[in-house]
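S.K.:
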Amino acid sequence: MMSDQRKKEDRDWAALPEDIVDMFAGRVDCNVDRANMAMQCQSWRDTVDSLPERIQLPWILVPYRRSSFMPHNVMMRGLFFCFLSARAHCMPMPANAYDARFIGSYEGGWVVLAARHNSGYVVVHCPTNHSIPFPRVVLLRGCPVSDEFVLRACAFSCSPSVAANCVVASLVTSFDCSLNHRTLVAFHRFGASAMSSGSVLEAEDIIYYRGSFYCLTMIEDMIRCTPRFSQDDPPDTLVVRKTYLHFAPIHHDEGLVVKARYLVESRGQLLMVVRFKSVTSEDTSMFAFFQMVPDGPGDGVYFVWQRLPATGGRMIFVGHGASRCFEASVYPSCKEGVYYFDDETFNQPAMVAFGFSNGRSYTCHDNGYWPGPEGEIKRSYDWRVPSSYTPPIWFLP
433 MMSDQRKKED RDWAALPEDI VDMFAGRVDC NVDRANMAMQ CQSWRDTVDS
483 LPERIQLPWI LVPYRRSSFM PHNVMMRGLF FCFLSARAHC MPMPANAYDA
533 RFIGSYEGGW VVLAARHNSG YVVVHCPTNH SIPFPRVVLL RGCPVSDEFV
583 LRACAFSCSP SVAANCVVAS LVTSFDCSLN HRTLVAFHRF GASAMSSGSV
633 LEAEDIIYYR GSFYCLTMIE DMIRCTPRFS QDDPPDTLVV RKTYLHFAPI
683 HHDEGLVVKA RYLVESRGQL LMVVRFKSVT SEDTSMFAFF QMVPDGPGDG
733 VYFVWQRLPA TGGRMIFVGH GASRCFEASV YPSCKEGVYY FDDETFNQPA
783 MVAFGFSNGR SYTCHDNGYW PGPEGEIKRS YDWRVPSSYT PPIWFLP
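In our numbering, the protein residues as written are 433 to 829.
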């Protein structure tokens, strides 16, 4: 009897001194972990409720190997790695996301999906299952492109929850056949009958910054696209003013091959992050950072990419259309540097559209963290085999 009473007292977490509970709660940065802590007892719930909600770092989707032949109860929940927890969370997924290709995301739990790899595009709010479809037609100079097109990345002017004010810019690749394709930057408002594009552009990334979309080209120039519309206009009414921004050429380090380029906003400035691999390996080897700086007086169209020597206290999460930057000083449990995932299939739109002879294969192993020029890459989930239905993405809770 005495032993049972002692065990009961040992489990009485509510009896912990208030200052100790406050100390524990203050060290829990992840809001999911805080919610789990609040479920233990009333005193812990009161402590957690008194804390300001912490801005969350992106989670990385860890895809399953395949969607077919998987138990339904497994596919109903997605696996997301959280850097604040240093572990994975298993979260409920919308019904139309069980075997969908994930494309991008927006803060507040919004994800962009392709229900059937290269069709059925929709943005879904995971907490509520509310979804908004994308147009099924892409227009190039007013004429429809081929039926088959692959949505590769997209950026939003604001939260999709404000649908009437939101403009979406999408990197879209269309196909006349498996060997003949072209990439466009297409724009639309929610409710429009089509995405519209004025020209062909092999863009590397896209971001919404200070009222305009910026498209990064393969030669590291940019096109600034400024949308204009009235909220009372029909959804198909949208004017996009385009300005070509010229940049002085950059000579990258010898012995390295550019693997990807990203745009990210940091401290009010626009940065380009370049991802490199070596000539002997396909895996990421390092990153370099460049800040957009005007080349001359006034608001002109000539700029230079000024290289930054280090991360400078930044935590940069790179992903096409969804790169984000945070201050490392706000998150003591994490370190400055670049956090990345395997997005090699961004450069393989034909595979997404048609698959290989043995089906589709989205590589998932080149994930990790790069601390800066003085450190070495630390790889995460590098044992993951390719997925048959989706690559990793950032999820923005």
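Beta carbons are placed, not taken as given, at the ideal position from N, Cα and C, and that holds for glycine.
What's the gap between the Cα of L702 and the Cα of E485?
M.R.: Reading the sequence shown from its first residue, position 270 is the one you call residue 702. Reading the sequence shown from its first residue, position 53 is the one you call residue 485. Computed Cα separation, rounded: 27 angstroms.
S.K.: With DSSP run on the structure shown, which of helix, strand or coil describes E806?
M.R.: Here residue 806 corresponds to residue number 374 of the sequence shown, with the count starting at 1. In the structure shown, E806 sits in coil (DSSP, three-state: anything other than H, G, I, E or B).
S.K.: For the candidate residues G745, L670, G800, A585, whose alpha-carbon lies nearest to that of D715?
M.R.: As a first step, residue 715 is located in the sequence shown; it is residue number 283 there, counting from the start. When each option's Cα is compared against that of D715, the closest is G800.
S.K.: Considering just the uninterrupted stretch of the beta strand (DSSP E) at F788, what are its terminal residues?
M.R.: The residue labelled residue 788 in the question sits at position 356 within the sequence shown. F788 -> no beta strand (DSSP E), and no H or E assigned at all.
S.K.: Is it buried or exposed for V543, if we count other Cβ within 10 angstroms and need 16 for buried?
M.R.: If you number the sequence shown from 1, residue 543 lands on position 111. Buried, because 16 or more other Cβ atoms sit within 10 Å of the Cβ of V543.
S.K.: Go ahead and pull the three-state DSSP assignment for I452.
M.R.: As a working note, residue 452 is residue 20 in the sequence shown. Note: I452 maps to helix in three-state DSSP.
S.K.: From M434 to W476, what distance separates their C-alpha atoms?
M.R.: Within the sequence shown, residue 434 is the residue found at index 2, counting from 1. Within the sequence shown, residue 476 is the residue found at index 44, counting from 1. Only weak support is given to the placement of M434: the predicted model assigns it a pLDDT of 49, under 50, and the value that follows is read from those uncertain coordinates. Taking the straight line joining both Cα atoms gives about 27 angstroms.
S.K.: Just to confirm the assignment, what range does the alpha helix (DSSP H) spanning R466 have?
M.R.: For the purposes of this step, residue 466 is taken as residue 34 along the sequence shown, with counting starting at 1. Per DSSP, R466 belongs to the alpha helix (DSSP H) from 463–470.
S.K.: Quick check: the Cα distance between V555 and K767, rounded to an integer number of angstroms?
M.R.: Counting from one through the sequence shown, the residue named residue 555 turns up at place 123. Counting from one through the sequence shown, the residue named residue 767 turns up at place 335. So the two alpha carbons sit approximately 31 angstroms from each other.
S.K.: Assuming contact is defined by CB atoms lying nearer than 9 angstroms, are S832 and L670 in contact in what I supplied?
M.R.: Since the first residue of the chain shown is 433 and the last is 829, residue 832 is not available in this structure.
S.K.: Compare the C-alpha of P764 against each of G745, D774, A782 and name the closest.
M.R.: Here residue 764 refers to the residue found at position 332 when the sequence shown is read from its first residue. With distances taken between Cα atoms, P764 lies closest to G745.
S.K.: Ignoring anything shorter than 3 residues or poking outside the stretch 694–776, list the beta strand (DSSP E) runs there in chain order.
M.R.: With a minimum length of 3 residues, the continuous beta strand (DSSP E) runs that stay inside the stretch 694–776 are 701–710, 716–726, 734–740, 746–749, 756–759, 769–772.
S.K.: Who are the near neighbours of P449 in its chain, counting only those whose CB is closer than 8 angstroms to its CB and skipping five residues on each side?
M.R.: Walking along the sequence shown from the start, residue 449 turns up at place 17. Once the five neighbours on either side are set aside, P449 has no close Cβ partner at all.
S.K.: Can you tell me where the alpha helix (DSSP H) holding D478 begins and where it ends?
M.R.: Against the sequence shown, residue 478 aligns to sequence position 46. Segment 474–481, the alpha helix (DSSP H) holding D478.
S.K.: Leaving out five residues before and five after T649 in sequence, what residues of the same chain have Cβ atoms less than 8 angstroms from its Cβ?
M.R.: For this step, residue 649 is matched to residue 217 along the sequence shown. Correct list, in chain order: L633, E634, A635, E636, I655.
S.K.: Quick check on the DSSP output: the beta strand (DSSP E) that includes F588 runs from which residue to which?
M.R.: Start at 1 with the first residue of the sequence shown, and residue 588 comes out as number 156. Its beta strand (DSSP E) spans residues 581–588.
S.K.: Taking the alpha-carbon positions, what's the A470 to R509 distance?
M.R.: Taking the sequence shown and counting its residues from 1, the one referred to as residue 470 is at position 38. Taking the sequence shown and counting its residues from 1, the one referred to as residue 509 is at position 77. Roughly 22 angstroms separates the two Cα atoms.
S.K.: Name, in chain order, the residues that DSSP records as bridge partners for T605.
M.R.: If you number the sequence shown from 1, residue 605 lands on position 173. Answer by DSSP bridge pairing, in chain order: V582, T615.
S.K.: Kindly give me the distance between the Cβ atoms of W802 and F719, rounded to whole angstroms, as I take these residues to be in contact under 8 angstroms.
M.R.: Counting from 1 along the sequence shown, the entry for residue 802 is found at position 370. Counting from 1 along the sequence shown, the entry for residue 719 is found at position 287. Yes, W802 and F719 are in contact; Cβ-Cβ is about 5 angstroms, under 8 angstroms.
S.K.: Quick one: using the 10 Å Cβ neighbour count with 16 as the cut-off for buried, is Y831 buried or exposed?
M.R.: The chain is shown only over 433 to 829; residue 831 falls outside these bounds and no answer can be derived.
S.K.: Comparing alpha-carbon positions, which option in S628, G732, Q780 lies nearest F679?
M.R.: Your numbering for residue 679 matches position 247 in the sequence shown. Among S628, G732, Q780, the Cα nearest to that of F679 belongs to G732.
S.K.: Enumerate, from N- to C-terminal direction, the unbroken beta strand (DSSP E) stretches of 3 or more residues contained entirely within the stretch 482–541.
M.R.: Fully enclosed beta strand (DSSP E) runs of 3 or longer: 491–493, 509–514, 519–524, 533–538.
S.K.: For the putative contact between R693 and E759, defined by C-beta atoms under 8 angstroms, what is the C-beta separation to the nearest angstrom?
M.R.: On the sequence shown, position 261 is the one that residue 693 refers to. On the sequence shown, position 327 is the one that residue 759 refers to. Not a contact, Cβ separation roughly 23 angstroms.
S.K.: Pairing CB atoms from the stretch 810–826 with CB atoms from the stretch 530–537, are three or more of them under 8 angstroms?
M.R.: Yes, the stretch 810–826 touches the stretch 530–537.
S.K.: Quick one: using the 10 Å Cβ neighbour count with 16 as the cut-off for buried, is T658 buried or exposed?
M.R.: The residue given as residue 658 occupies position 226 in the sequence shown. The residue in question, T658, is exposed, as its Cβ has fewer than 16 Cβ neighbours within 10 Å.
S.K.: For G458, which of helix, strand or coil comes out of DSSP?
M.R.: Locating residue 458 in the sequence shown gives position 26, counting from the first residue. G458 falls in the helix class under three-state DSSP.
S.K.: Looking at the structure shown, is N799 part of a helix, part of a strand, or coil, going by DSSP?
M.R.: Counting from one through the sequence shown, the residue named residue 799 turns up at place 367. Here N799 sits in strand by DSSP.
S.K.: Pick from C575, F456, S593, L828: whose alpha carbon is nearest that of F749?
M.R.: Here residue 749 refers to the residue found at position 317 of the sequence shown. When only C-alpha atoms are compared, the closest one is L828.
S.K.: State the start and end residues of the unbroken beta strand (DSSP E) segment that holds E636.
M.R.: As a working note, residue 636 is residue 204 in the sequence shown. Taken as a continuous stretch (DSSP letters only), the beta strand (DSSP E) holding E636 covers 635–641.
S.K.: Exposed or buried, H684, counting other C-beta atoms within 10 Å across all chains shown (16 or more means buried)?
M.R.: Working through the sequence shown from its first residue, we reach residue 684 at position 252. So H684 ends up on the exposed side.
S.K.: DSSP three-state label for A595, please.
M.R.: Along the sequence shown, read from residue 1 onward, the residue named residue 595 stands at position 163. If DSSP states are grouped into helix, strand and coil, A595 belongs with the helices.
S.K.: Tell me the rounded alpha-carbon separation between G751 and F456.
M.R.: As a working note, residue 751 is residue 319 in the sequence shown. As a working note, residue 456 is residue 24 in the sequence shown. Roughly 33 angstroms between the two C-alpha positions.
S.K.: What three-state label does DSSP hand M434 in the structure shown?
M.R.: Working through the sequence shown from its first residue, we reach residue 434 at position 2. Its pLDDT being 49, under 50, M434 is placed unreliably by the model, and the measurement read from it follows with that caveat. Residue state, collapsed to three classes: helix.
S.K.: Count the other CB atoms, across all protein chains shown, that sit within 10 Å of the CB of V577; report buried if there are 16 or more and exposed otherwise.
M.R.: For this step, residue 577 is matched to residue 145 along the sequence shown. Buried, since its Cβ has 16 or more Cβ neighbours within 10 Å.
S.K.: Rounded to a whole number of angstroms, what is the C-alpha to C-alpha distance between L483 and Q474?
M.R.: Within the sequence shown, the letter at position 51 stands for residue 483. Within the sequence shown, the letter at position 42 stands for residue 474. Between L483 and Q474, the C-alpha separation is close to 15 angstroms.
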